[in-house]
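I have placed the structure first, in the form of structure tokens, so that the comments after it can refer back to it.
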Amino acid sequence: MSIYTPTRECGAVVVPTGHDPASFTTVRSLGRQGVTTIVGSEHRTVPAAASRYCDEFVDLPSPYEDLVAYKDALVDLAKRPEVRTIVPIRPHDTYVLSRYAEEFAPYVSLPVPDPATLERVHDRVQLAAAATDAGVPFPETCTLDEFEPDPDRGSIVKSRFNLLADGYLPEYEPGESAVVKTVQHLAPGESPDRDALTAEMGHVPIVQSFVPTAEKLMFAALYDHGRAVATFQHRQIRGNSYTGGGGVYRQSMFLPDLERVARRLLDHLEWHGLACIEYIRDAETGEYKPIEINPRMWQSLPSTVQAGADFPFYYWQQATGRADEIDAGYELGLGSHQLYGELDHLLSVLRDDSPLVDRPVFSERAREVLASCLAEPKFDYLKLDDPRPFLRGLRQVFG
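Each residue of the sequence shown is one higher than the last, beginning at 370 in this note's numbering.
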């Protein structure tokens with residue numbers, strides 16, 4: 370296999386971001402490989418822009434305020450001769466890069482799914498149907514309008530779409546968008562306030578049957594037109610909240626059965642580009658059940674790269690025609706933390722509530738967090754050779 374040694378002359382990458390942890394990891398990863406990095410945001414204080422590996426910062430319109438203006442600004446960046454690709458970081462990015470692919474195609478290479486395939490994972494009703502067609506387990510899913518309370522099992526109400534936009538909801542204008550993260554746990558037999566939840570989420574949400582959880586896992590992949598070129602797994606030990614959320618303390622691992630069911634689903638979708646699938650192992654059946662697919666770089670990307678699975682560079686290799694050079698091995702059993710997320714987790718013990726998940730004792734959970742940080746002192750933001758993103762993030766947290 371040939372060895373690709375990039376230089377600053379090899380081109381540039383655009384990394385659009387809000388305050389997403391994946392952005393500074395992407396900048397660090399590609400900057401260390403010699404790729405010129407251009408960070409774009411509506412916020413000039415994003416941690417990624419403070420990295421020593423950020424070569425340039427550009428102002429972008431907010432995708433939350435005008436999605437079309439955001440797209441136009443990315444197209445203008447794509448037209449720059451040195452720019453080779455754009456990395457999808459935020460929920461809007463893959464949608465924009467896919468929906469308007471013809472505008473980007475003359476200028477950059479974008480490993481993203483086509484709009485129809487993207488809709489199948491952004492729409493959790495279609496995703497449930499795709500899982501059934503692929504022959505893989507999935508939590509029972511229906512729309513809120515179809516839901517009937519089960520006296521023997523709890524349920525979870527969540528948004529039907531990862532992203533609300535005109536391609537999915539006709540009442541939205543092309544420039545309008547929203548990201549809905551509301552989740553409500555229902556006790557067995559409990560009836561939700563349908564009108565209030567629909568109004569809060571801006572559309573008719575879905576209801577999934579509660580899955581008693583033996584463990585939470587994550588499977589990440591990069592696909593090239595239906596073929597897996599890199600995969601990664603970790604076990605989520607703690608999330609943003611004690612009730613769930615993205616992983617803030619994780620350990621890399623490999624389970625053949627998880628690999629099999631996850632690839633079966635993505636193979637069935639003939640996937641192209643990035644995918645991060647959140648899984649739950651059902652405590653009753655032992656089955657691995659996906660909760661959602663995020664078609665972009667993921668919150669726990671820093672831990673993925675620390676384990677040796679350098680997905681930002683893999684994405685760059687694929688976008689620049691070097692997918693055959695990807696070396697997708699990684700270290701097993703490596704634990705890492707997102708310190709801000711650990712703080713959120715502890716706060717959730719004090720303020721969150723769920724009829725389905727037992728609240729831990731705060732003092733015991735605090736000791737667990739401290740002990741694991743001392744035992745495995747690897748952190749997402751804090752890097753001695755690049756401390757400014759952590760310091761900037763710290764100012765934002767406490768500012």
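Positions of the beta carbon are idealized from the N, C-alpha and C atoms, including for glycine. The structure presented is a predicted model; accordingly, all values stated were derived computationally and were not measured.
In this structure, residue 597 sits near residue 632, with a CB-CB distance shorter than 8 Å. When DSSP states are grouped into helix, strand and coil, residue 557 belongs to the coil group. Note on geometry: alpha-carbon atoms of residue 642 and residue 601 lie some 14 Å from one another.
If only uninterrupted beta strand (DSSP E) runs of at least 3 residues are considered, those enclosed by the region 540-618 are 552-555, 575-578, 582-593 and 596-610.
Runs of the alpha helix (DSSP H) lying entirely within the region 665-701 and spanning at least 4 residues, in chain order: 670-675 and 680-688. Between residue 460 and residue 532, the C-beta gap is smaller than 8 Å, which places the two residues in contact.
Per DSSP, residue 651 is one residue of the beta strand (DSSP E) stretching across 642-651.
Take residue 436, set aside five residues on each side of it, and the residues of its chain with a beta-carbon closer than 6 Å to its own are 544 and 546, in chain order. Of the other Cβ atoms in all chains shown, 16 or more fall within 10 Å of the Cβ of residue 647; this residue is therefore buried. For residue 439, the enclosing alpha helix (DSSP H) begins and ends at 436-447. Comparing C-alpha distances from residue 401 to each of 414, 390 and 679 shows the shortest one belongs to 679.
When 495, 483, 489 and 447 are compared, the shortest CA-CA separation from residue 472 is found for 447. Contact between the region 490-502 and the region 465-481 is not established, with fewer than three Cβ pairs separated by less than 8 Å. The beta carbon of residue 704 sits closer than 6 Å to those of 620 and 745, all from its chain and outside the five residues before and after it, given in chain order. Taking all protein chains shown into account, residue 719 has fewer than 16 neighbouring C-beta atoms within 10 Å of its C-beta and is therefore exposed.
DSSP, reduced to helix, strand and coil, places residue 705 within a strand of the structure shown. For residue 661, no alpha helix (DSSP H) run applies; the uninterrupted beta strand (DSSP E) run containing it begins and ends at 657-663, by DSSP. By alpha-carbon distance to residue 609, the top candidate from 623, 706 and 593 is 706. Listed in chain order, the non-local C-beta contacts of residue 567 below 8 Å within the same chain comprise 513, 573 and 574, local neighbours out to five positions each way being set aside. Taking all protein chains in view, the Cβ of residue 516 is crowded by 16 or more other Cβ atoms within 10 Å, so the residue is classified as buried.
For the region 416-497, the full-length beta strand (DSSP E) segments reaching 3 residues or more read 425-428 and 452-455 along the chain. In the three-state reduction of the DSSP assignment, residue 409 falls in the strand class, which pools E and B.
Put simply, of 504, 560, 503 and 500 the residue whose alpha carbon is nearest the alpha carbon of residue 525 is 560.
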